[in-house]
Each structure stands twice: as structure tokens, then as C-alpha cells.
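Colleague:
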Amino acid sequence: MADVQTGGDDHGGGKSKGKKRAKKASTHIDMTPMVDLAFLLLTFFVLTSTFSKPSAMEITMPVDDKTTKPTKVKNIVTILLTKSEKEAYCYFGELDTASTNPFQKFKLSAEGMRAYLFDKNKDAIATIKKLKTEILGNKSLDINKAQEMFKDTANAIMGKKEALTVVIKTTDDTKYGTVVNMVDEMSIVNVGKYALVDISETEQKFLDTYLGKTE
Amino acid sequence: MPKLKMPRSSPSLDMTPMVDLAFLLVTFFMLTAQFRAEESVIVDTPSSQAQNILKDKDIMLLTIDSAGRIFFNIDGKEIRENTLNEMAKRYNLTFNPKQIEEYGLGQGIGVPVNLLGKYLDADESDRKKMDDLSKGIPFDTTLDYKSNELYSWVDLARRMSFDKSQSIGAKNGLRYAIKADGKSNYRVVKAVIKMFQSEQVNVNRFNLITDLETGQEEK
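Protein chains in written order, with the numbering used here: chain E, 1 to 215; chain D, 216 to 434.
This is the structure in C-alpha cells:
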């Protein structure tokens with residue numbers, strides 16, 4: 001680097017042909033290979049390290065207990081998932097067996113299925129939203145406590161008897177990804193009560209004729 | 216005034232801070248890095264907004280690939296070795312100590328138990344071949360261990376895990392994770408879940424492993 005030359009040299013910074021001085025060995029080492037190596041390692045670790053552990057979606061399946069009697073639930077949406085990853089069929093309440101076409105067809109997207117479920121569940125969503133601003137906006141509460149409180153009350157609302165219940169039914173050729181997306185959708189639209197159930201024979205029959213018609 | 220001669224500056228810069236930083240980052244990544252566990256099968260899990268991070272201890276993991284093949288894995292060397300010993304008893308097989316040791320260290324398996332000895336003796340590339348050829352762990356909807364080896368694995372591994380947690384007084388029970396490919400048929404997953412829910416196993420809570428979904432805002 002900037003060497004300071006001092007005294008005895010008439011020619012300033014020029015190369016003197018006079019008395020030869022022993023060159024001071026530079027203390028600098030060429031660091032380039034080391035830096036190369038460092039960055040190589042850096043790149044390697046950046047690319048190979050996995051930061052995110054896989055997330056897991058916890059589901060609890062209904063216990064297959066033959067002694068429990070089926071309960072009448074009013075506010076119930078049944079969704080039938082088929083082979084298609086884009087569309088699903090659904091009906092509200094009880095299956096209208098008299099009708100030739102009891103199903104509504106929805107696209108599995110924000111505008112289709114989600115909008116429908118939003119609409120069906122809008123009361124609960126509105127209450128939860130209000131709660132959220134109320135509880136989480138309350139500065140006098142500890143943030144963790146508030147969050148827990150919000151979670152508990154929200155769960156209570158979603159678990160109410162008159163809250164929307166969604167029954168997800170699958171056919172033999174439904175893809176696993178479609179089911180997971182549907183279960184995920186439940187958390188988006190604040191549905192606390194949902195179940196994965198086998199399709200009934202009547203529904204399968206309706207679905208068969210319906211799919212046979214469109215194809 | 217004499218012409219002021221600027222000292223000719225050397226074109227090399229002082230790299231010390233950069234090197235410092237580079238090594239700092241290297242150290243950081245080295246210490247935090249967790250290497251992706253060697254997986255016997257590649258599975259493309261569906262994405263979800265679930266935020267629960269799965270702990271990597273006390274996990275029984277069933278991997279289901281897009282073809283519906285099932286792979287079984289459980290963590291903990293001791294549990295694994297005990298499970299293998301019990302499996303050997305149940306299927307009248309013998310494993311030598313080296314194979315048992317190898318299984319204790321190893322990863323998930325997806326070969327029928329009668330091929331397991333050969334699998335454990337094989338090296339990495341031969342195992343890969345066996346994995347590719349395998350149809351997964353034999354599984355059907357019966358609870359007969361002769362045709363449903365998966366049931367045996369699950370059943371015995373549960374017992375071994377339970378024994379171990381009893382002996383050390385641990386509270387945390389085993390968790391059951393299912394890692395299935397988004398393209399796999401739900402029927403297979405359903406059958407597996409059904410087996411878990413049977414009276415003999417009686418597990419009703421599962422963790423479905425998913426990728427974290429990004430960029431989607433809640434309405």
C-alpha cells in the first residue's frame with residue numbers, strides 16, 4: 001500500500017539508481033484464493049441448507065364409533081371432490097333426491113368455492129373479524145395473551161352448534177392434493193367444523209349420471 | 216509551485232472486511248445448516264397455509280409417493296433396532312447384527328420385509344435401484360400381518376416407542392405424520408388412515424406434511 005519513503009533519497013518517489021536498499025518485505029498476503037474458497041463454501045451452504053422445516057397440517061379424524069347416532073345438523077354444506085383438481089360439486093342441506101341435478105358445480109378457486117363458503121359463513125366471519133380488531137386492537141392487553149384470547153373465542157364461535165359445518169366427501173379417484181387444498185380452505189373461510197367422509201351410494205349415483213352427462 | 220504528484224495508488228483493494236464478512240457468513244451457515252435427510256423417494260407435497268412446524272423427534276412418518284407406494288420411517292436408533300428385531304420374530308427372519316445396526320442408522324424403507332436383509336447389505340446405488348423397483352411396503356385393507364406388512368411395522372414401532380418412553384418416563388407420545396404426494400390418490404391415504412383408526416391401532420390424529428404456501432393473503 002501507500003509506502004512512505006523517508007529521508008536520504010534525493011529523487012523523491014523516483015527510482016533511485018544510487019544506494020540500493022534492502023526491499024522491505026511486504027506484509028500483505030494475496031488473499032484471493034482464500035476469498036475464493038470462502039465464497040465457494042458460502043455458496044455451498046446457502047444452497048444446501050434448508051431453513052424451513054416442513055409445516056404440518058393437523059387433522060383429527062372422526063372416531064368410527066357405531067354407537068353414535070347421526071345428528072341432524074341444519075347448516076351443512078357437502079362438498080364432493082372428484083378426479084378433477086379444478087372443480088367440485090356441492091350441495092347445501094340435505095340431498096334433494098327428487099331433483100335430477102341436485103349439485104352445484106364450483107371452480108376450486110377464490111372466486112368459486114371460496115366465495116360460496118364465504119357467503120355461507122359470512123356471519124361467523126364478520127363476528128370473528130370484529131373480535132379480531134377488538135381484542136388485538138386492545139393495547140392494554142399483552143399481545144400473546146390477546147392472541148390466545150382471540151383464538152379461543154374464535155374457536156368457540158366456529159364450534160357453535162349453528163355454525164357452518166362442511167362435509168368433504170371424496171370419490172375413489174380424488175387426488176390427495178385436492179383434499180389437502182380443501183381442508184386448507186376450511187381454515188381460510190373460518191370453518192371449524194369439517195369432516196372427511198366417504199361418499200354415499202346415492203351421491204355416487206348422482207355424480208355418475210352427472211359426470212356421464214357432461215362428458 | 217511544483218507539480219503535485221499524486222502517489223500512484225495500487226489497484227488492489229483491501230479485501231479484509233469482505234473476507235471477514237464472508238467467513239462470518241460461512242460460519243453462520245455451517246452452524247445453522249441442517250442437511251436434508253436422504254430420502255428414499257421424492258415426494259411433492261401439496262401446499263397449505265398450515266403454520267405448525269413439525270418437530271423432528273418422536274415421529275412416525277409414512278411417505279406415499281405419486282404411484283401410491285408406501286414408505287415407512289420412524290426416528291430413534293433404539294426404537295428402530297427393536298422394531299426390526301420384533302419384525303424378524305414375526306416374519307421368521309433373521310438379521311445379523313450388522314444389518315440391524317445399518318437399519319438403526321438408516322432412513323425410511325419401502326421394500327417388503329423379506330427383501331430387507333438384502334436391502335440393508337446393499338450399497339447406496341443398489342438401494343436406489345431396489346427402491347425404484349419396489350412396490351412399497353406391502354399393504355392392504357386387512358389387518359392380517361401376512362399380507363399387510365405396513366400394519367406390522369406401525370404396530371411394532373408403536374409398541375417399541377411406547378416401551379421406550381415408559382422406560383425413560385417421557386411424556387411426549389409418538390406423532391403420526393403422513394407425507395403424501397399431491398398427485399397420489401386419496402384412496403391410498405384414506406386406507407392408511409383407516410388402518411390407523413382401527414381398534415388395534417386407534418390413532419385418530421395425524422399430521423399431514425405440506426409445503427408452506429406463500430404469497431396468498433387472507434381476504
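Backbone N, C-alpha and C define an ideal beta-carbon position, used for all residues, glycine too.
Since I believe I279/D is in contact with S399/D (beta carbons under 8 Å), could you give me their beta-carbon distance rounded to a whole number of angstroms?
Modeller: To locate residue 399/D, count along the second sequence from 1; it is residue 184. To locate residue 279/D, count along the second sequence from 1; it is residue 64. Right, their Cβ atoms sit about 5 Å apart.
Colleague: If you run the structure through DSSP and keep just helix, strand and coil, what is Y89/E?
Modeller: Taking the first residue of the first sequence as position 1, residue 89/E is located at position 89. Three-state DSSP puts Y89/E in a strand.
Colleague: Is the shortest distance between the beta-carbon of S109/E and the beta-carbons of chain D less than 8 Å?
Modeller: As a position in the first sequence, residue 109/E is number 109, starting the count at 1. No, S109/E does not count as interfacial toward chain D.
Colleague: Are the CB atoms of V241/D and L42/E nearer to each other than 8 Å?
Modeller: Residue mapping note: residue 241/D aligns to position 26 of the second sequence, counting from 1. Residue mapping note: residue 42/E aligns to position 42 of the first sequence, counting from 1. In this structure, L42/E lies closer than 8 Å to V241/D by Cβ.
Colleague: My output table needs one value for T171/E: the three-state DSSP class, helix, strand or coil.
Modeller: Here residue 171/E is taken as the residue at index 171 of the first sequence, counted from 1. Three-state DSSP puts T171/E in coil, outside helix and strand.
Colleague: Do you know offhand how far E162/E's Cα is from N75/E's?
Modeller: Counting from one through the first sequence, the residue named residue 162/E turns up at place 162. Counting from one through the first sequence, the residue named residue 75/E turns up at place 75. Straight-line Cα distance between these residues: approximately 6 Å.
Colleague: Could one say the Cβ of I408/D lies closer than 8 Å to chain E's Cβ atoms, at least one of them?
Modeller: As a first step, residue 408/D must be located in the second sequence, where it is residue number 193. Yes, I408/D counts as interfacial toward chain E.
Colleague: For E162/E, write down the residues that DSSP places opposite it in a beta bridge.
Modeller: Taking the first residue of the first sequence as position 1, residue 162/E is located at position 162. Its beta-bridge partners do not exist; DSSP assigns none.
Colleague: Which chain D residues sit within Cβ distance under 8 Å of T174/E?
Modeller: Here residue 174/E refers to the residue found at position 174 of the first sequence. Per Cβ cutoff of 8 Å: N400, Y401 and R402.
Colleague: For D235/D and K379/D, I'd like the C-alpha separation in whole angstroms.
Modeller: The residue given as residue 235/D occupies position 20 in the second sequence. The residue given as residue 379/D occupies position 164 in the second sequence. Rounded to the nearest angstrom, the two C-alpha atoms are 47 Å apart.
Colleague: What does the alpha-carbon distance come out to for the pair V191/E and I157/E?
Modeller: By one-based count along the first sequence, residue 191/E stands at place 191. By one-based count along the first sequence, residue 157/E stands at place 157. Rounded to the nearest angstrom, the two C-alpha atoms are 10 Å apart.
Colleague: One question on the structure: do I436/D and F287/D come within less than 8 Å of each other, judged by their Cβ atoms?
Modeller: Within the shown structure, residues of chain D are numbered from 216 to 434, placing residue 436/D beyond reach of any answer.
Colleague: For P353/D, tell me which candidate among K344/D, D359/D, D346/D and N363/D has the shortest Cα-Cα distance.
Modeller: Taking the first residue of the second sequence as 1, we reach residue 353/D at position 138. Among K344/D, D359/D, D346/D and N363/D, the Cα nearest to that of P353/D is on N363/D.
Colleague: Pull out every residue of the stretch 415-429 of chain D whose Cβ sits closer than 8 Å to any Cβ of chain E, in chain order.
Modeller: Those residues of the stretch 415-429 of chain D that come within reach of chain E (Cβ to Cβ, closer than 8 Å) are N419, R420, F421, N422, L423, I424, T425, D426, L427 and E428.
Colleague: Of the residues S26/E, F44/E and A25/E, which one's Cα is nearest the Cα of F238/D?
Modeller: Here the question's residue 238/D lines up with position 23 in the second sequence. Out of S26/E, F44/E and A25/E, F44/E has the C-alpha closest to the C-alpha of F238/D.
Colleague: DSSP three-state label for V46/E, please.
Modeller: As a first step, residue 46/E must be located in the first sequence, where it is residue number 46. Helix, per DSSP.
Colleague: In chain order, what residues of the stretch 164-197 of chain E put their CB closer than 7 Å to some CB of chain D?
Modeller: The residues in question are T170, D172, D173, T174, K175, Y176, G177, V179, V180, N181, D184, S187 and I188.
Colleague: If we cut at 8 Å on Cβ distances, does F287/D have a partner in chain E?
Modeller: For this step, residue 287/D is matched to residue 72 along the second sequence. It does not; no Cβ of chain E falls within 8 Å.
Colleague: With a cut-off of 8 Å on the beta carbons, I'd call K193/E and T165/E a contact; round off their distance for me.
Modeller: To locate residue 193/E, count along the first sequence from 1; it is residue 193. To locate residue 165/E, count along the first sequence from 1; it is residue 165. K193/E to T165/E, Cβ: 4 Å. Contact.
Colleague: So if DSSP puts V197/E in a beta bridge, which residue, or which two residues, is it bridged to?
Modeller: As a position in the first sequence, residue 197/E is number 197, starting the count at 1. V197/E pairs with K169/E.
Colleague: Given this structure, state the Cα-to-Cα distance separating Y360/D from N300/D, to the nearest angstrom.
Modeller: Residue 360/D sits at position 145 when you count from the first residue of the second sequence. Residue 300/D sits at position 85 when you count from the first residue of the second sequence. Taking the straight line joining both Cα atoms gives about 16 Å.
Colleague: Let me know the secondary structure DSSP gives N267/D once reduced to three states.
Modeller: Residue mapping note: residue 267/D aligns to position 52 of the second sequence, counting from 1. Correct three-state label for N267/D: strand.
Colleague: Here's the rule I'm using: 16 or more other beta-carbon atoms within 10 Å means buried, otherwise exposed. How should D355/D be labelled?
Modeller: As a first step, residue 355/D must be located in the second sequence, where it is residue number 140. Exposed is the call here.
Colleague: Name the chain D residues whose beta carbon is nearer than 8 Å to that of M31/E?
Modeller: The residue given as residue 31/E occupies position 31 in the first sequence. The contacting residues are M230, T231 and V234.
Colleague: Please give the ranges of any beta strand (DSSP E) in the stretch 277-322 of chain D, keeping only runs that are unbroken, at least 3 residues long and fully inside the region.
Modeller: Whole beta strand (DSSP E) segments, 3+ residues: 285-289.
Colleague: Specify, as a first and last residue, the run of the beta strand (DSSP E) that F103/E falls within.
Modeller: As a first step, residue 103/E is located in the first sequence; it is residue number 103 there, counting from the start. First-last for F103/E: undefined, no H or E at that position.
Colleague: Checking the sheet assignment: what are the DSSP bridge partners for M275/D?
Modeller: Position 60 of the second sequence, counting from 1, holds the residue named residue 275/D. Partner(s): I289/D and Y391/D.
Colleague: Along the beta strand (DSSP E) that carries L240/D, what are the first and last residues, could you check?
Modeller: In the second sequence, counting from the first residue as 1, residue 240/D sits at position 25. Taken as a continuous stretch (DSSP letters only), L240/D belongs to no beta strand (DSSP E), being part of the alpha helix (DSSP H) at T231 to T247.
Colleague: With a CB to CB cut of under 8 Å and the five nearest residues on each side skipped, what residues in its chain are close to T174/E?
Modeller: Residue numbering aside, residue 174/E sits at position 174 when the first sequence is read from its first letter. Around T174/E: L81, T82 and K83.
Colleague: Leaving aside the five residues before and after V183/E along the sequence, list all residues of the same chain whose C-beta is less than 8 Å from its C-beta, in chain order.
Modeller: As a position in the first sequence, residue 183/E is number 183, starting the count at 1. Taken in chain order, the residues that qualify are M57, I59, I168, Y194 and L196.
Colleague: Take R373/D as the anchor and find which of A248/D, G283/D and D290/D has the nearest alpha-carbon.
Modeller: The count along the second sequence starts at 1 and reaches residue 373/D at position 158. Out of A248/D, G283/D and D290/D, D290/D has the C-alpha closest to the C-alpha of R373/D.
Colleague: Which of the three DSSP states is assigned to S55/E in this structure?
Modeller: As a position in the first sequence, residue 55/E is number 55, starting the count at 1. Looking at S55/E - three-state DSSP - the assignment turns out to be strand.
Colleague: Rounded to the nearest angstrom, what separates T260/D and E85/E at their Cα positions?
Modeller: As a first step, residue 260/D is located in the second sequence; it is residue number 45 there, counting from the start. As a first step, residue 85/E is located in the first sequence; it is residue number 85 there, counting from the start. Going from the Cα of T260/D to the Cα of E85/E covers about 15 Å.
Colleague: Could you check whether the Cβ of E432/D sits closer than 8 Å to any Cβ belonging to chain E?
Modeller: In the second sequence, the residue the question calls residue 432/D occupies position 217. Confidence is the limiting factor: at E432/D the pLDDT is only 40, short of 50, which leaves the residue's position unreliable, though a coordinate-based value still follows. No, because no Cβ of chain E sits closer than 8 Å to the Cβ of E432/D.
Colleague: Looking at the structure shown, is D426/D part of a helix, part of a strand, or coil, going by DSSP?
Modeller: As a position in the second sequence, residue 426/D is number 211, starting the count at 1. In the structure shown, D426/D sits in a strand (DSSP, three-state: E or B).
Colleague: Taking CB distances under 8 Å as the criterion, tell me whether S84/E reaches chain D.
Modeller: Mapped onto the first sequence, residue 84/E falls at position 84. Chain D contact via Cβ: absent.
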